[in-house]
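Asks: Each residue of the sequence shown is one higher than the one before, counting from 17 in the working numbering.
Below is the structure I would like to discuss, written out as structure tokens.
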Amino acid sequence: MPDLGPRYEHKEIEEKIYRLWERSGYFNPDNLPDAHKRKPYCIIMPPPNANGPLHIGHALFVTLEDIMIRYSRMRGKRTLWLPGADHAGFETQVVFDGKLEKEGRNRFTMNRDALWKEMWDFTQENKKTMEAQLRKLGASCDWSREVFTLEPRVVEQVYATFKKMHDDGLVYRDLRVVNWCPKHRTALSDLEVKYVEKTDPLYYIKYGPLTLATVRPETKFGDTALAVNPKDKRYQKYVGKTIEAKGVLGLLTFKVIADEAVDPHFGTGVVKVTPAHDQADYEIWQRHKNEIPGPKTIIGEDGRLTDETGKFKRLKVAEARARVAEAIQKIGILEKVDPNYVHQVATCYKCGSTLEPLPKPQWFVKMQPLAKKAIAAAQKIKFFPSHSKKVYLHWLKNIRDWNISRQIVWGIRIPAWFRRNEIAISAESPGPGWQQDPDVFDTWFSSGQWPFIALGFKEGGKSRRKVGTPIPTPTPGRDVGAEASEDYKTFYPTDVMETGYDILFFWVTRMVMFGLYRTGKVPFKAVYLHGLVRDKDRQKMSKSKGNVIDPLGVADTYGTDAVRMALVAGNTPGKDTAISEDKIRAYRNFATKVWNIARFILMHKPGRAVKPVLSAADRTHIAHAQKVKSQVAKHIEKFEFHLAAEKTYHYIWHTFADKIIEEYKPRLRAAASPEEALGVAPGLVSEGAGAPRAQAVGGRRSHRTAGSEELAAAENQAAAYHTLETILIECLTMLHPFMPFITEEIFRNLRPRSLLMVQPW
17 MPDLGPRYEH KEIEEKIYRL WERSGYFNPD NLPDAHKRKP YCIIMPPPNA NGPLHIGHAL
77 FVTLEDIMIR YSRMRGKRTL WLPGADHAGF ETQVVFDGKL EKEGRNRFTM NRDALWKEMW
137 DFTQENKKTM EAQLRKLGAS CDWSREVFTL EPRVVEQVYA TFKKMHDDGL VYRDLRVVNW
197 CPKHRTALSD LEVKYVEKTD PLYYIKYGPL TLATVRPETK FGDTALAVNP KDKRYQKYVG
257 KTIEAKGVLG LLTFKVIADE AVDPHFGTGV VKVTPAHDQA DYEIWQRHKN EIPGPKTIIG
317 EDGRLTDETG KFKRLKVAEA RARVAEAIQK IGILEKVDPN YVHQVATCYK CGSTLEPLPK
377 PQWFVKMQPL AKKAIAAAQK IKFFPSHSKK VYLHWLKNIR DWNISRQIVW GIRIPAWFRR
437 NEIAISAESP GPGWQQDPDV FDTWFSSGQW PFIALGFKEG GKSRRKVGTP IPTPTPGRDV
497 GAEASEDYKT FYPTDVMETG YDILFFWVTR MVMFGLYRTG KVPFKAVYLH GLVRDKDRQK
557 MSKSKGNVID PLGVADTYGT DAVRMALVAG NTPGKDTAIS EDKIRAYRNF ATKVWNIARF
617 ILMHKPGRAV KPVLSAADRT HIAHAQKVKS QVAKHIEKFE FHLAAEKTYH YIWHTFADKI
677 IEEYKPRLRA AASPEEALGV APGLVSEGAG APRAQAVGGR RSHRTAGSEE LAAAENQAAA
737 YHTLETILIE CLTMLHPFMP FITEEIFRNL RPRSLLMVQP W
């Protein structure tokens, strides 16, 4: 009797099997049989944010990457899946700010070091939870190589990159109008801006002899000029002139300038120039610095009007807009209002606050030189889906310089020091009188270096250097990280970068640029982009809609294997996929089917050792199963995981279970009559012990003794069992990357001293 119970108890079995895998040591590629003879294969895990539990999107990437890893391991490769956890800079700051708010606290009133300590403890607790959840999902990653993005070896390499870029003239500090989140009081990059369509009043305001249209009357306190298009004949007589205009705080004077950026078809064709609070206006000012005053900041970091606005000071922007509109109407300079002006408003991608353009000194990366090399390198990368390559190239060809400064506490602090007008780049203080930049790096600045740093890219062959020691100066023509660890030498460039299509710009492009810049190599050979996971109606999941599926919750109910199959089936590269509890339940039923198939076969294992003599039909069935396995392998290698999963599912259920097993049931019965076992007509085999018997069967003479008939019956039964067991093992092999827990448990009952995870494909 097999050790397979009547039901597949997934909770008990999953915990037991994962412990078995970890104890085996085979997650570590160095421990695989003949490890150094194997061809290396590596995936660097996109590090989940250490600020909360895993969601269904994490379950998808874990499943897809684990499929590739398990398949490659079974194909005899020296397979490394390197896990990590991301400090997630701004996103973690947002989460922690919310926690503080619930506790009645505010980070802006806290000591920096105390806040850092609290956030460190918070992320470390979340990291432990996340690791347990990854194990629950079956992730066969090498935990001994796990990396946290605030580890000293990560920080030292991020610092080294920044210094090298500074020395190479690729980073600079400049006063620019940035996207400012007033709630979290930090700048955001252009990619972190979420544009929302809104309908607002469009105010037509008189500026002396001219009228202009604006949705932001509250910023008029920061106006420094008026501008028109040089080709607009209506206003040519005003260009170069200074006009007087009535204002809510008194009489104002403005110079009228001409600039190509002005759209003559918007409003009246006249615009106010407010360089402190509009990016386009800031650029106009830069082109006309010798003609008009510079930026005049009238909105503070907290999103309230400053003292320069008189009676409107300390008002929030929305309230100030309404109050200023009332004031300009009272003094007679509001010509008209269009109440239904539809426009795009920049908001924070995390909290939804309306962003304020504010002038801030920030660190920027010159992207054009880096993008040029990344464009050329696109030919060396395979993209799945293939059209994502065009998206990648389009963004790189239209790239702008990247603001990498963030005004938060949580992150890698920028190693820049200031003393009067001097700037020094160093991991530690250059000496007395120097103050370190309080800002931290945009988390994507460090994440963009993830592949080579995670694999142990080192400086000058040194082992880990304590953070705070000076950064070595790069030797001309040679990168400071030219000498590296064995892992880097063995596994870099990596084989696949699997991630969501929504961070192609945030992350993939930057990894290519940083990889080329620091190592001279593209960091991965292929990019696989998955889509979002939506509900059964293909709606985006959200707590407010009540349609969020907790992957760990449904895994507890239906089993991890069912969740994994439900995430893969029907999921094509780069497309959003739909999942529901019904779909997961259906694959739980499939797991039950696989369990019952195995249990049935094991229950009919012959009691005596008899050499099976396979028939032509037996060999045909085995060959067909092997052909299906070969087709599944081709699908996996072409990143067609959905097709591989579906082919495996249909073969097991509709061919193996519905046809082959039904065909073989008579041959498996241990108490089958000799006639039935031999496939002859009833009554044609003598019941007498050892009595000779000769009967015509199909035109042939059958000469049997009872003993030989029993042997033949046993051989036939053994052949039937051998055929079904062989096909079952082929099925378990092709199913293992998708449903690792149940397949490993069944295989243990077939081959108690072996692990399916390292069986040859």
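Every residue, glycine too, gets a C-beta built ideally from N, C-alpha and C.
For clarity, every value in this text was computed on a predicted model and none was experimentally measured.
1. Can you tell me which residues form a DSSP beta bridge with Cys-197?
2. Would you call the CB atoms of Pro-756 and Gly-154 closer than 9 Å?
3. I need the DSSP call for Leu-20, collapsed to helix, strand or coil.
4. Based on the DSSP secondary-structure assignment, which residues constitute the bridge partners of Gly-100?
5. Can you name the start and end residues of the beta strand (DSSP E) that Glu-234 belongs to?
6. Using CA coordinates, which residue listed in Lys-675, Thr-636, Met-619, Phe-606 is at the minimum distance from Glu-662?
7. Counting pairs of beta carbons, one from the region 204-211 and one from the region 246-262, are three or more of them closer than 8 Å?
8. State whether the region 65-79 contacts the region 32-39, with contact taken as three or more CB pairs (one from each stretch) at a distance under 8 Å.
9. Please report how far the alpha carbon of Thr-269 lies from the alpha carbon of Tyr-188, in whole angstroms.
10. From Glu-147, Ala-440, Ala-387, pick the residue whose C-alpha is nearest to that of Trp-450; which is it?
11. Determine whether the beta carbon atoms of Thr-363 and Val-212 lie at a separation below 9 Å.
12. How many angstroms separate the CA atom of Leu-740 from the CA atom of Ile-677?
13. Roughly how many angstroms lie between the CA atoms of Thr-535 and Val-174, to the nearest whole one?
14. Could you check what DSSP says for Ala-243 in three-state terms: helix, strand or coil?
15. Does the region 286-304 come into contact with the region 235-247, if we say contact requires no fewer than three beta-carbon pairs (one atom in each stretch) closer than 8 Å?
16. Assign Val-193 to buried or exposed, taking buried as 16 or more other Cβ atoms, counted over all protein chains shown, within 10 Å of its Cβ.
17. Just the C-alpha distance for Tyr-251 and Phe-522, rounded to the nearest angstrom, thanks.
18. Taking C-beta to C-beta, are Ile-315 and Thr-235 nearer than 9 Å?
19. So who's on the other strand from Asp-190, going by DSSP bridges?
20. Report the residue from Lys-115, Lys-152, Pro-467 whose alpha carbon sits nearest the alpha carbon of Val-570.
21. Considering only C-alpha positions, which residue in the set Asp-551, Trp-433, Glu-514 is nearest to Pro-539?
22. Please name the residue or residues paired with Asp-566 in a DSSP beta bridge.
23. Let me confirm a value: Gly-531 is counted as buried when at least 16 other C-beta atoms fall within 10 Å, else exposed. Which label applies?
24. Kindly indicate which residue of Pro-233, Tyr-504, Ser-724 has the alpha-carbon position closest to the one of Glu-342.
25. Give the single residue among Asp-158, Ile-397, Gln-423 whose Cα lies nearest to the Cα of Trp-97.
26. Starting from Gly-283, follow the alpha helix (DSSP H) in both directions and report where the run begins and ends.
27. From Asp-113 to Leu-471, what distance separates their C-alpha atoms?
28. When you compare only the Cα positions, how much space is there between Lys-55 and Arg-435?
29. Any chance the region 81-101 sits against the region 401-419, with 3 or more Cβ pairs inside 8 Å?
30. Once you ignore the five residues that flank Thr-510 on each side, which residues in its own chain have a CB closer than 7 Å to its CB?
31. Under the three-state reduction of DSSP, which class applies to Asp-216: helix, strand or coil?
32. Using the rule of at least 16 other Cβ atoms within 10 Å of the residue's Cβ for burial, across every protein chain shown, is Pro-776 buried or exposed?
33. Residues bridged to Phe-457 by DSSP?
34. Can you look up Pro-698 in the DSSP assignment and give me helix, strand or coil?
35. Give me the Cα-Cα distance between Pro-385 and Ala-334, rounded to the nearest whole angstrom.
36. Quick check: does the Cβ of Val-174 come within less than 8 Å of any heavy atom belonging to the ligand FMN?
Replies: So, from the listed chains and residues:
1. Translated into positions along the sequence shown, residue 197 becomes position 181. Thr-202, per the DSSP bridge assignment.
2. Residue numbering aside, residue 756 sits at position 740 when the sequence shown is read from its first letter. Residue numbering aside, residue 154 sits at position 138 when the sequence shown is read from its first letter. Going by C-beta atoms, Pro-756 is nearer than 9 Å to Gly-154.
3. If you number the sequence shown from 1, residue 20 lands on position 4. Residue state, collapsed to three classes: coil.
4. Numbered from its first residue, the sequence shown carries residue 100 at position 84. Answer by DSSP bridge pairing, in chain order: Val-163.
5. Your numbering for residue 234 matches position 218 in the sequence shown. Segment: none, Glu-234 is in no beta strand (DSSP E) and carries neither H nor E.
6. Residue mapping note: residue 662 aligns to position 646 of the sequence shown, counting from 1. It is Phe-606.
7. no
8. no
9. In the sequence shown, residue 269 corresponds to position 253, counting from 1. In the sequence shown, residue 188 corresponds to position 172, counting from 1. Their Cα atoms are separated by approximately 35 Å.
10. Looking up residue 450 in the sequence shown gives position 434. Per the Cα distances, Ala-440.
11. Stepping through the sequence shown from its first residue, residue 363 is reached at position 347. Stepping through the sequence shown from its first residue, residue 212 is reached at position 196. In this structure, Val-212 lies closer than 9 Å to Thr-363 by Cβ.
12. Counted from its first residue, the sequence shown places residue 740 at position 724. Counted from its first residue, the sequence shown places residue 677 at position 661. So the alpha carbons of these two residues sit roughly 7 Å apart.
13. Mapped onto the sequence shown, residue 535 falls at position 519. Mapped onto the sequence shown, residue 174 falls at position 158. Taking the straight line joining both Cα atoms gives about 13 Å.
14. Locating residue 243 in the sequence shown gives position 227, counting from the first residue. Of the three classes helix, strand and coil, the one that applies to Ala-243 here is strand, per DSSP.
15. yes
16. Taking the first residue of the sequence shown as position 1, residue 193 is located at position 177. Buried: at least 16 other Cβ atoms inside 10 Å.
17. Working through the sequence shown from its first residue, we reach residue 251 at position 235. Working through the sequence shown from its first residue, we reach residue 522 at position 506. Near 43 Å, if we compare the C-alpha coordinates of Phe-522 and Tyr-251.
18. Here residue 315 corresponds to residue number 299 of the sequence shown, with the count starting at 1. Here residue 235 corresponds to residue number 219 of the sequence shown, with the count starting at 1. Yes.
19. For the purposes of this step, residue 190 is taken as the residue at position 174 of the sequence shown. Note: Asp-190 sits in a beta bridge opposite Gln-378.
20. Taking the first residue of the sequence shown as position 1, residue 570 is located at position 554. Ranking Lys-115, Lys-152, Pro-467 by Cα distance to Val-570 puts Lys-152 first.
21. Reading the sequence shown from its first residue, position 523 is the one you call residue 539. It is Glu-514.
22. As a working note, residue 566 is residue 550 in the sequence shown. Asp-566 pairs with nothing; no bridge assigned.
23. In the sequence shown, residue 531 corresponds to position 515, counting from 1. Buried, because 16 or more other Cβ atoms sit within 10 Å of the Cβ of Gly-531.
24. Counting from one through the sequence shown, the residue named residue 342 turns up at place 326. Nearest C-alpha to Glu-342: Pro-233.
25. Taking the sequence shown and counting its residues from 1, the one referred to as residue 97 is at position 81. The residue with the shortest Cα to Cα distance from Trp-97 is Asp-158.
26. Your numbering for residue 283 matches position 267 in the sequence shown. That residue, Gly-283, is in no alpha helix (DSSP H); it is neither H nor E in DSSP.
27. Here residue 113 refers to the residue found at position 97 when the sequence shown is read from its first residue. Here residue 471 refers to the residue found at position 455 when the sequence shown is read from its first residue. Those two C-alpha atoms are separated by around 33 Å.
28. Counting from one through the sequence shown, the residue named residue 55 turns up at place 39. Counting from one through the sequence shown, the residue named residue 435 turns up at place 419. The alpha-carbon atoms of Lys-55 and Arg-435 are separated by roughly 53 Å.
29. no
30. Reading the sequence shown from its first residue, position 494 is the one you call residue 510. Same-chain partners within the cutoff: Cys-58, Ile-59, Ile-60, Pro-467, Pro-539, Phe-540.
31. Position 200 of the sequence shown, counting from 1, holds the residue named residue 216. The answer is strand: DSSP assigns Asp-216 an E or B state.
32. Position 760 of the sequence shown, counted from the start, is the residue given in the question as residue 776. Pro-776 is exposed by the Cβ-count criterion.
33. In the sequence shown, residue 457 corresponds to position 441, counting from 1. DSSP output for Phe-457 lists Ser-421 as bridge partner(s).
34. Along the sequence shown, read from residue 1 onward, the residue named residue 698 stands at position 682. Note that Pro-698 scores a pLDDT of 40, beneath 50, so its modelled location is shaky; the value from the coordinates is reported in the next line. The answer is coil: DSSP assigns Pro-698 none of H, G, I, E or B.
35. Residue 385 sits at position 369 when you count from the first residue of the sequence shown. Residue 334 sits at position 318 when you count from the first residue of the sequence shown. Approximately 41 Å between the Cα atoms of the pair.
36. The ligand FMN is absent from the structure shown, which contains no ligands of any kind.
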